[in-house]
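Novice:
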Amino acid sequence: MILNELPEDHWGVPIIFNNMGVLYNDMGHNKKALKYYTKSYETYQMQKVSENDILYANLYHNMGSLYYENNDNKTALKYFTKAFEICHNNPTLPSLLLSATLHTDMSGIFEDNEDFNKALEELQCTLKIQLKILPSNHFRIAATYNNIGGIYLGKGDYKTALQNFEKALDIGLQSLPPDHENIQTYSEHIKLVTERLN
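Here the numbering used here is used: the first residue of the sequence shown is 34, the next is one more, and so on.
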């Protein structure tokens, strides 16, 4: 294993720990994932990496995602907020991309709590960042319009939901293969809202 070949103070060690945490999380091994995230954090501390480094933001985002997936929204929001604060102080492209993801993730927490207005605010922040740094037909923008449509659907504003689902489909058709699962999802959402409007 590459970790055995690297000295403990090598800059790549905490990144490898973080990535191993992501892999274990993807496999559903939450305790192992948290163990590696903790090792990553401890190694960053030992290496005296600045607390404002984007590396910490990525780690906090991954930890927040782990807690969110395990229905611990309070702890997830704590980590997402810590990650967001770091990104806010580092206006680089990677930080902006992570900020957009964090806004989307925080939106999910607010939506779970049926706080649709806060969820919508977060998604509008996501969209603002994406429109600033991504091509206008990027698949992530399509996903954000779909998520915004979902919030309006939850609020019972079917007309605005439909407008956003249609934007999602239009952009998705420009950026994804026609048989992509997201295209099917966007189409199903349009059908659902159209039925409710009729």
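Just so you know, even glycine gets a beta-carbon here, dropped at the ideal spot from N, CA and C.
Report all residues from its chain with a CB closer than 8 angstroms to the CB of Tyr-69; omit the five preceding and five following residues, and keep chain order.
Specialist: Position 36 of the sequence shown, counted from the first residue, corresponds to residue 69. Cβ within range, chain order: Phe-50, Asn-51, Met-53, Gly-54 and Tyr-57.
Novice: State buried or exposed for Met-96, treating a residue as buried only when at least 16 other CB atoms are found within 10 Å of its CB.
Specialist: Taking the sequence shown and counting its residues from 1, the one referred to as residue 96 is at position 63. It counts as buried.
Novice: What separation, rounded to the nearest whole angstrom, lies between the Cα atoms of Asn-179 and Ile-223?
Specialist: Residue 179 sits at position 146 when you count from the first residue of the sequence shown. Residue 223 sits at position 190 when you count from the first residue of the sequence shown. Those two C-alpha atoms are separated by around 10 angstroms.
Novice: Would you kindly work out how many angstroms separate the C-alpha atoms of His-43 and Gln-163, rounded to a whole number?
Specialist: The residue labelled residue 43 in the question sits at position 10 within the sequence shown. The residue labelled residue 163 in the question sits at position 130 within the sequence shown. Rounded to the nearest angstrom, the two C-alpha atoms are 34 angstroms apart.
Novice: Gly-141 to Glu-118, Cα distance in whole Å?
Specialist: Locating residue 141 in the sequence shown gives position 108, where the first residue counts as 1. Locating residue 118 in the sequence shown gives position 85, where the first residue counts as 1. When rounded, the distance between both Cα atoms is 18 angstroms.
Novice: Got a sec? Which residues, its chain only, sit under 6 angstroms from Tyr-112 by beta carbon, not counting five neighbours each side?
Specialist: The residue given as residue 112 occupies position 79 in the sequence shown. Result list for Tyr-112: Tyr-93, Met-96 and Gly-97, in chain order.
Novice: For Ala-201 and Gly-182, which I take to be in contact (beta-carbon distance under 8 angstroms), what is that distance rounded to the nearest angstrom?
Specialist: One-based indexing of the sequence shown puts residue 201 at position 168. One-based indexing of the sequence shown puts residue 182 at position 149. Yes, they are in contact, since the Cβ atoms of Ala-201 and Gly-182 sit about 6 angstroms apart, within 8 angstroms.
Novice: By DSSP, does Val-226 sit in helix, in strand, or in coil?
Specialist: Position 193 of the sequence shown, counting from 1, holds the residue named residue 226. The answer is helix: DSSP assigns Val-226 an H, G or I state.
Novice: Should Thr-159 go down as buried or exposed, given a rule of 16 or more other Cβ atoms within 10 Å for buried?
Specialist: Position 126 of the sequence shown, counted from the start, is the residue given in the question as residue 159. Classification of Thr-159: buried, given that the 10 Å Cβ count is 16 or more.
Novice: Run the CB neighbour count on Met-60, radius 10 Å, all protein chains shown included, and call it buried at 16 or more, exposed below.
Specialist: Mapped onto the sequence shown, residue 60 falls at position 27. Met-60 is exposed by the Cβ-count criterion.
Novice: Along the alpha helix (DSSP H) that carries Asp-145, what are the first and last residues, could you check?
Specialist: Sequence index remark: in the sequence shown, residue 145 carries index 112 (1-based). Start and end: 126-145.
Novice: Tell me whether Val-55 sits in a helix, a strand or coil according to DSSP, three-state version.
Specialist: Residue numbering aside, residue 55 sits at position 22 when the sequence shown is read from its first letter. Val-55 falls in the helix class under three-state DSSP.
Novice: Between His-171 and Glu-155, which are expected to be in contact by the criterion C-beta below 8 angstroms, what is the C-beta distance as a whole number of angstroms?
Specialist: Along the sequence shown, one-based indexing puts residue 171 at 138. Along the sequence shown, one-based indexing puts residue 155 at 122. 19 angstroms between Cβ atoms; not a contact.
Novice: By alpha-carbon positions, which one of Leu-209, Glu-144 and Thr-177 ends up nearest to Asn-197?
Specialist: Your numbering for residue 197 matches position 164 in the sequence shown. Residue Thr-177 is the option with its Cα nearest to Asn-197.
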